[in-house]
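Colleague: Using the working numbering, the first residue of the sequence shown is number 600, and each one after it goes up by one. Sharing a structure with you now.
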Amino acid sequence: MQFIVLKKGPLMLFLLLVITVSAAAVWFFGTSGSLPAASRQAEEQIREIQMVTGEFSAKTSDGKEIEAYRWDPGTVFVNKGEKVRLTILGVNGKEHPFIIEGTNIKGVVKQGEETTVPLQFDKKGIYRLICQMHSNKDHFGPMIAYIVVD
């Protein structure tokens with residue numbers, strides 16, 4: 600009767616090799632099917648865009664207080680037909696009633712609150728988000744953001 604003597608080092612190396620080859624085979628054969636580069640679900644995702652209201656204020660040399668309001672960021676880019684959720688946080692100013700030119704979209708952003716606006720543009724162009732409270736320099740504006748649709 601013959602006995603085979605195995606040393607611990609080579610045995611461990613052999614077991615590690617078997618485990619590695621098995622794992623590689625499972626990975627290779629388990630994922631060999633083709634995967635779509637884009638799915639229908641990805642096409643229907645809604646992109647989030649965050650915006651805030653902001654204010655600049657200063658005092659002139661003669662002591663007069665001046666201020667200007669703005670949307671930040673001042674320009675956002677979206678694709679034609681893309682579904683977008685624009686969320687505007689009111690930071691400065693009590694409230695900002697707004698319209699988006701060329702659409703029927705209007706709303707109000709109040710200080711300390713978020714206003715959510717669903718967007719989807721069917722035509723390329725530049726759409727202005729205009730605060731009706733600060734529409735020109737006489738009313739601390741113009742407070743205008745640009746939505747560029749490509």
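Note that CB positions come from ideal geometry on N, CA and C, so glycine has one too.
Any idea what DSSP makes of V690, helix, strand or coil?
Modeller: Three-state DSSP puts V690 in coil, outside helix and strand.
Colleague: Shortest alpha-carbon distance to F703 belongs to which of E694, G711, V716, Y668?
Modeller: A quick correction: the sequence has Asn, not Phe, at residue 703. Of E694, G711, V716, Y668, the residue nearest in Cα terms is V716.
Colleague: Nearest to M650 by CA position, among I725, E713, Q731, is which residue?
Modeller: Looking at the Cα atoms, E713 is the closest of the given residues.
Colleague: So, Y745 versus I729, is the Cβ gap smaller than 8 Å?
Modeller: Contact flag unset, no.
Colleague: By Cβ distance, which residues of its chain are closer than 7 Å to F613, with the 5 residues on each side in sequence left out?
Modeller: Taken in chain order, the list of residues that qualify is empty.
Colleague: Taking all protein chains shown into account, decide if G692 is buried (16 or more other Cβ within 10 angstroms of its Cβ) or exposed.
Modeller: Counting Cβ neighbours within 10 Å, G692 comes out buried, since at least 16 surround it.
Colleague: Along the chain, where does the beta strand (DSSP E) containing F655 start, and where does it finish?
Modeller: Start and end: 646-658.
Colleague: Quick check: the Cα distance between G629 and V677, rounded to an integer number of angstroms?
Modeller: Computed Cα separation, rounded: 38 Å.
Colleague: If we count the other Cβ atoms within 10 Å of its Cβ and call it buried at 16 or more, is R669 buried or exposed?
Modeller: Buried.
Colleague: Write down the C-beta distance between T674 and V747 rounded to the nearest angstrom, noting that I regard them as a contact closer than 8 Å.
Modeller: Rounded, the Cβ-Cβ distance is 6 Å, consistent with contact.
Colleague: Under the rule that 16 or more other beta-carbon atoms within 10 Å means buried, what is V752, buried or exposed?
Modeller: Lying before the first or after the last residue shown, residue 752 is absent from the chain, which here runs from 600 to 749.
Colleague: Taking the alpha-carbon positions, what's the F739 to T659 distance?
Modeller: Whole-angstrom Cα-Cα distance: 15 Å.
Colleague: I need the straight-line Cα distance from F602 to V625, nearest angstrom please.
Modeller: Going from the Cα of F602 to the Cα of V625 covers about 35 Å.
Colleague: What three-state label does DSSP hand I671 in the structure shown?
Modeller: Here the sequence assigns Asp to residue 671, which means Ile is not the residue at that position. In this structure, D671 counts as strand in the three-state DSSP scheme.
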